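A short worksheet on the structure shown next.
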Amino acid sequence: MKPYVILISGRGSNMEALLAAGLPGQCAAVISNRPAAAGLAAAAARGIATAVVDHRQYPTREAFDAALAEEIERHAPQLVLLAGFMRILTAGFVARFSGRLLNIHPSLLPAFPGVDTHAQALAAGVRIHGCSVHFVTPALDGGPIAAQAAVPVLAGDDEESLALRVLAAEHRLYPQVARWFLDGRLRLNDGRVQLAGEASSPAQLFVPSLD
Ligand code: GAR
12 MKPYVILISG RGSNMEALLA AGLPGQCAAV ISNRPAAAGL AAAAARGIAT
62 AVVDHRQYPT REAFDAALAE EIERHAPQLV LLAGFMRILT AGFVARFSGR
112 LLNIHPSLLP AFPGVDTHAQ ALAAGVRIHG CSVHFVTPAL DGGPIAAQAA
162 VPVLAGDDEE SLALRVLAAE HRLYPQVARW FLDGRLRLND GRVQLAGEAS
212 SPAQLFVPSL D
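Residue numbers (the numbering used here): 12 to 222.
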């Protein structure tokens with residue numbers, strides 16, 4: 012079974028979705044930069060090894076990233092999944108895991124990088140929002156996009172209702188993309204995403220729907 016590692020910082024609902032998906036691989040460890048991350052207990056309850064690399068214990072970003080990389084490499088993962096991992100990674104770290112480092116971001120990138128994406132979407136007045144899974148590069152939330160899922164922004168939405176709708180999409184999208192990768196269908200080739208056997212769909216999405 013291909014080993015993979017999940018990095019979290021908090022709740023871990025995307026981690027749970029990945030673990031529940033029966034991926035064609037073995038989750039070798041869940042690693043958090045925050046000792047209090049709720050997802051650690053959920054992973055341990057599933058019998059998965061957990062580790063904490065607390066960023067506050069390291070004097071520099073480089074020192075933290077070196078310790079994190081060492082902990083990850085112990086498990087020799089073929090894939091590293093950032094699942095609500097809220098640290099900016101150094102170029103050195105990203106290069107070390109290039110092509111096997113995926114992140115999920117709660118917006119339709121390149122719109123709304125960074126934090127507070129749902130507030131950003133509401134402030135911008137977009138009618139379609141969503142989430143993206145992308146390969147990680149040194150550019151913050153800027154790496155090649157593997158897949159996206161869209162949801163409507165509905166009248167009366169607030170940050171919370173919109174976040175919940177996007178999160179449900181995240182929980183479907185991320186396991187699918189991880190599965191493609193572990194099945195050997197998805198890869199990064201010369202900085203471009205390749206997905207073998209990609210279905211071409213003529214479907215279009217209109218929000219609000221047309222009369
Ligand atoms: C998710 O919405 C994820 O997309 C987001 O944090 C949340 C973590 O929730 N990630 C980012 O914003 C990364 N820039 P979870 O811990 O329940 O998966």
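All residues carry an ideal CB built from backbone N, CA and C; glycine is no exception.
Computed from a predicted structure; not experimentally measured.
Mapping the DSSP letters down to three states, classify residue i as helix, strand or coil.
i, result
"residue 20", "coil"
"residue 192", "helix"
"residue 136", "coil"
"residue 217", "coil"
"residue 148", "coil"
"residue 211", "coil"
"residue 45", "coil"
"residue 128", "helix"
"residue 62", "strand"
"residue 166", "coil"
"residue 182", "helix"
"residue 83", "helix"
"residue 143", "strand"
"residue 197", "strand"
"residue 94", "coil"
"residue 174", "helix"
"residue 40", "strand"
"residue 187", "helix"
"residue 29", "helix"
"residue 68", "helix"
"residue 113", "strand"
Please return the same chain residues whose Cβ sits closer than 8 angstroms to the Cβ of residue i, not counting the five positions on each side in sequence.
i, result
"residue 130", "170"
Just mark residue i as buried or exposed, buried being the case when its beta carbon has 16 or more other beta carbons within 10 Å.
i, result
"residue 138", "exposed"
"residue 189", "buried"
"residue 12", "exposed"
"residue 121", "exposed"
"residue 101", "buried"
"residue 151", "exposed"
"residue 200", "exposed"
Quick one: what's got a C-beta closer than 6 angstroms to residue i's C-beta in the same chain, skipping five residues either side?
i, result
"residue 11", "The question about residue 11 has no answer here: the residues shown for the chain are numbered 12 through 222."
Apart from the five residues on each side of it in sequence, which residues of its chain come closer than 7 angstroms, Cβ to Cβ, to residue i?
i, result
"residue 69", "75, 78"
"residue 46", "63, 65"
"residue 162", "140, 141, 176, 177, 180"
"residue 206", "191, 196, 197"
"residue 160", "141, 142, 180, 183, 184"
Checklist entry - Taking contact to mean at least 3 C-beta pairs separated by less than 8 angstroms, is the segment 176-184 in contact with the segment 199-219? => result These segments do not touch.
Checklist entry - Pairing CB atoms from the segment 13-22 with CB atoms from the segment 30-50, are three or more of them under 8 angstroms? => result Touching, yes.
Checklist entry - Is it a yes or a no for the segment 92-108 touching the segment 51-58, going by three-plus beta-carbon pairs under 8 angstroms? => result Result no; under three Cβ-Cβ pairs closer than 8 angstroms.
Checklist entry - How do the segment 142-151 and the segment 103-110 stand: do at least 3 beta-carbon pairs fall below 8 angstroms, yes or no? => result Yes: at least three Cβ pairs fall under 8 angstroms.
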